[in-house]
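J.: Just so you know, we're using the numbering used here here: the sequence shown kicks off at 609 and counts up by one.
Supplied in structure tokens, the structure appears directly below.
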Amino acid sequence: VGDLSSLRMNSYEKRVNLMKNTNLEILSSAIEGKIVVDTEHFKTNGIVNIITAGSVEHARKKVASSICIVLNDELIQKELIECGASCLILGLGTKPTKRIKDIARKAGAAIITTPYMPMEIARVIYESIPLSFIMTRNVTSYLDTDYVEDVALKIANTRYRCYPVVDETGRIVGSISRYH
């Protein structure tokens, strides 16, 4: 991928594939949540569903191994866990009951609570992907002893906007961009 804007503009399938590799801690952090039921072997298919009272019937077939954003309806939470959801994200600070926590633990499902509204969660959840999955690995860098004129000519022939500047040991000491 290489840059954040292309991540946001990626197809649904690419975002789902990237989400398959996220973990609960990163997911929780991205939505300012708290993990209230942890699972030792969290695994998701990368699909994120927003579940409302009217959408449960339709969603039943699609929730297995997925992440489900839901509010405070205990019956819906129970049904999603029983249908195989890998993680429930409870919005608006909803706290799961002891019964729901027990059902989730038994099923191996995680639960995260967050103060965000479901649409806010859906907007930021795809930012819970580790940078290592989208970063550019073949980085063009310049030495801090290179001359501006030489670097300017090289930058004019590339598509990147920002470049690390390193010292003779390879340690990053700064950055240079097209706009400096």
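Glycine included, C-beta positions come from ideal geometry on N, C-alpha and C.
Taking all protein chains shown into account, decide if residue 770 is buried (16 or more other Cβ within 10 angstroms of its Cβ) or exposed.
T.: Exposed, because fewer than 16 other Cβ atoms sit within 10 Å of the Cβ of residue 770.
J.: Could you give the DSSP three-state label for residue 609: helix, strand or coil?
T.: Bear in mind that a pLDDT of 46 at residue 609, under 50, signals an unreliable position, so the model cannot answer this.
J.: Tell whether a beta-carbon distance below 7 Å holds between residue 677 and residue 729.
T.: Yes, the Cβ-Cβ distance between residue 677 and residue 729 is below 7 Å.
J.: Relative to the C-alpha of residue 712, which candidate in 722, 647, 699 and 734 has its C-alpha closest?
T.: Nearest option by C-alpha distance: 647.
J.: Of all the options 777, 675, 645 and 637, which has the alpha carbon lying nearest to the alpha carbon of residue 706?
T.: Minimum Cα distance to residue 706 is reached at 645.
J.: In the structure shown, what three-state DSSP assignment does residue 738 receive?
T.: DSSP places residue 738 in coil when its eight states are reduced to three.
J.: For residue 753, count neighbouring C-beta atoms within 10 Å of its own C-beta (all shown protein chains included) and say buried if the count is 16 or more, exposed if not.
T.: Label assigned to residue 753: exposed.
J.: If you run the structure through DSSP and keep just helix, strand and coil, what is residue 642?
T.: Note: residue 642 maps to strand in three-state DSSP.
J.: For residue 786, which residues from the same chain have a beta carbon less than 7 Å from its beta carbon, with the 5 sequence-adjacent residues on both sides left out?
T.: These residues qualify, in order along the chain: 763 and 769.
J.: With distances taken from CA atoms, which of 714, 669, 772 and 660 is nearest residue 697?
T.: Looking at the Cα atoms, 660 is the closest of the given residues.
J.: If you follow the beta strand (DSSP E) that residue 698 is part of, which residue opens it and which one closes it?
T.: From DSSP, the beta strand (DSSP E) with residue 698 extends over 695-698.
J.: For the segment 624-644 against the segment 662-672, are there 3 or more C-beta pairs whose distance is under 8 Å?
T.: With a cut-off of 8 Å, the segment 662-672 and the segment 624-644 do not count as touching, because too few Cβ pairs lie within range.
J.: Distance, Cα to Cα, residue 738 vs residue 651?
T.: Residue 738 and residue 651: Cα-Cα distance of roughly 15 Å.
J.: Could you pull out every residue in the same chain whose Cβ sits closer than 7 Å to the Cβ of residue 775, ignoring the five residues on either side in sequence?
T.: Excluding residues within five positions, the ones whose Cβ falls inside 7 Å are 752 and 781.
J.: Contact check, residue 692 vs residue 724 under 8 Å by CB: the rounded distance?
T.: The Cβ separation is near 24 Å, so there is no contact.
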